[in-house]
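K.L.:
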Amino acid sequence: MFVDRVLSGMRPTGSLHLGHYHGVLKNWVKLQHEFQCLFFVADWHALTTHYDDPEIIGQNVWDMVVDWLAAGVDPSQATLFIQSQVPEHAELHLLLSMITPLGWLERVPTYKDQQEKLTEKDLSTYGFLGYPLLQGADILIYRANRVPVGEDQVPHIEFTREIARRFNHIYGREAGFEQKAETAVKKLGVKRGKVYRELRTRYQQQGDQEALAAAHALLEEAANLSMGDRERLFGFLEGGGKMILSEPQALLTEASKMPGLDGQKMSKSYNNTITLREDAASVTKKIRTMPTDPARVRRTDPGDPDKCPVWEFHKVYSDDATRDWVQKGCRSAGIGCLECKQPVIDAVLKEQEPMRERAQLYLDDPTLVRNIIAEGSDRAHKLASETMRDVRNAMGLNYS
Ligand code: TRP
Ligand code: SF4
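Residue numbers for the sequence shown follow our numbering, beginning at 22 and rising by one.
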């Protein structure tokens, strides 16, 4: 069966906070039940910008994996691994670099943006320029068709699609392709072959995506096809040559609505975060000392929730009844700010409780985490090897 495959990566650059939870991890936890999922620690990507600071890698990688597990990412549902443990990513990156025009990389918007933003670092490096290509290799090596990312990463997915297309265009053409494809259709058998042709016509004449999906399913089920013939028939569906690499789609993750303690977006660089597994006393203290509507100086002054960061937290954590209580009580000076904050404190602690519990299990026995990553990396390696065999063959590196 043709299953959707989801892949996403995260750079290990520090403890994860509630912004990551609401923005990314909750989504991963949902996706792991719906699709085949691969989630990885992008340690090489971290080195493209933090090459002079290798300590950020070591402990951060493991802390981040514990954060994922704490958030409910389930290693029996999803494959979790570390990028550098699957060196094929680097091999594919190298091979794809042969066909990547420099201009394409220079035009990716994050290249110039980040160089301007991170002025304290020299980012005019080969590695940093190649960042989107490394990301492309991450995706293409698993033939992942859905990639959950935020808005800022969409150009990287677009770039990856262009690289896949270019690769297929250069290496997917073989002498006598049409003839070979026709022969392969015959191998499907009379009945299947007929269905395949009908679906192909429907897709090519009417752009019918369902027909395309049905044809993919049919090819996946056709057990007697060789790898080469199957790829030919995938390519034949869409007109061109063999489809060696498949084009991914961005699965746009809604921007996190998680506010920070000061009302700005929650972010480590604003120093306004609550970390995923922060201890209860510290969470309580942080929320109790959060700024409120500056116009509410005395308890008897009425306030305006729209001017208060605490209200932003109520939008994330409170039900209608509580929000109503806040609106009325704040505007009439009927409640005090500490009183108003209590339901937020309770809700955050309640959300974190299962995370702290799950994390404890892994902190008590770190070998569990090592094993999860070892198994995940092993599984990822097997999938990556399949693609690499095809890529090497296509590029003439076939020595077996
Ligand atoms: N560039 C991504 C980020 O900064 C991380 C990443 C690396 C990634 N490789 C990936 C995300 C592959 C999705 C797929 O968030
Ligand atoms: Fe903010 Fe609540 Fe105080 Fe109003 S009562 S200012 S919403 S903390």
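Beta carbons: idealized from backbone N, C-alpha and C, even for Gly.
Going by the beta-carbon positions, is the gap between residue 279 and residue 286 smaller than 9 Å?
P.N.:
Going by C-beta atoms, residue 279 is nearer than 9 Å to residue 286.
K.L.:
Please work out which residues of its chain come closer than 7 Å, Cβ to Cβ, to residue 67, disregarding the five sequence neighbours upstream and downstream, and give them in chain order.
P.N.:
32, 33, 34, 77, 78.
K.L.:
When the Cα of residue 129 is compared with those of 162, 178, 160, which residue comes out closest?
P.N.:
Nearest of 162, 178, 160 to residue 129, Cα basis: 178.
K.L.:
From this set, 332, 44, 143, which residue's C-alpha is nearest residue 351's C-alpha?
P.N.:
The candidate whose alpha carbon is nearest that of residue 351 is 332.
K.L.:
Kindly examine ligand 2 and report whether one of its heavy atoms sits closer than 8 Å to the Cβ of residue 114.
P.N.:
No, the beta carbon of residue 114 sits no closer than 8 Å to any heavy atom of ligand 2.
K.L.:
Could you check whether residue 401 and residue 107 sit closer than 9 Å to each other, using their CB atoms as the reference points?
P.N.:
A contact, by the Cβ cut-off of 9 Å.
K.L.:
Does the beta carbon of residue 28 fall short of 8 Å from some heavy atom of ligand 1?
P.N.:
Flag set: Cβ of residue 28 near ligand 1.
K.L.:
What number of angstroms, rounded off, separates the C-alpha of residue 255 from the C-alpha of residue 266?
P.N.:
Looking at the two C-alpha atoms, the distance is approximately 11 Å.
K.L.:
Counting Cβ pairs closer than 8 Å, one from the segment 231 to 239 and one from the segment 297 to 310, do we hit at least three?
P.N.:
Touching, no, given that fewer than three Cβ pairs across the two stretches are closer than 8 Å.
K.L.:
Taking only runs that begin and end inside the segment 99 to 185, name each unbroken beta strand (DSSP E) of 3 or more residues, in chain order.
P.N.:
The qualifying runs are 99 to 103, 167 to 170.
K.L.:
Quick one: residues in its chain with C-beta nearer than 7 Å to the C-beta of residue 194, no 5 flanking neighbours on either side, listed in chain order?
P.N.:
Closer than 7 Å at the Cβ level, and outside the excluded window around residue 194, lie 262.
K.L.:
For residue 133, is the beta carbon positioned less than 8 Å from some heavy atom of ligand 3?
P.N.:
This structure lacks ligand 3; its bound ligands are ligand 1 and ligand 2.
K.L.:
What do you reckon, are the CB atoms on residue 100 and residue 59 nearer than 9 Å?
P.N.:
Result yes, Cβ atoms of residue 100 and residue 59 sit closer than 9 Å.
K.L.:
With respect to the alpha helix (DSSP H) encompassing residue 32, which residues constitute its N-terminal and C-terminal limits?
P.N.:
Premise fails: residue 32 is in no alpha helix (DSSP H) and is neither H nor E.
K.L.:
Report the rounded CA-to-CA distance for residue 414 versus residue 139, giving the unit in angstroms.
P.N.:
C-alpha separation (whole angstroms): 40 Å.
K.L.:
Would you kindly work out how many angstroms separate the C-alpha atoms of residue 49 and residue 55, rounded to a whole number?
P.N.:
Going from the Cα of residue 49 to the Cα of residue 55 covers about 10 Å.
K.L.:
Indicate the three-state DSSP secondary structure (helix, strand or coil) for residue 285 in the structure shown.
P.N.:
Three-state DSSP puts residue 285 in coil, outside helix and strand.
K.L.:
To the nearest angstrom, how far is it from the Cα of residue 361 to the Cα of residue 276?
P.N.:
So the two alpha carbons sit approximately 26 Å from each other.
K.L.:
Should the segment 114 to 130 be called in touch with the segment 318 to 329, which here means at least 3 C-beta pairs below 8 Å?
P.N.:
Judged by Cβ distances under 8 Å, the segment 114 to 130 makes no contact with the segment 318 to 329, as fewer than three pairs qualify.
K.L.:
With distances taken between CB atoms, is the gap from residue 208 to residue 250 smaller than 9 Å?
P.N.:
It is a contact, given that the beta carbons lie within the stated cut-off.
K.L.:
What do you get for residue 447, buried or exposed, if any count of 16 or more other CB atoms within 10 angstroms of its CB means buried?
P.N.:
With the chain represented from 22 up to 421, any question about residue 447 goes unanswered, as that position is not in the structure.
K.L.:
Go to residue 358, then tell me how far its alpha helix (DSSP H) extends in each direction, as first and last residue.
P.N.:
Per DSSP, residue 358 belongs to the alpha helix (DSSP H) from 358 to 385.
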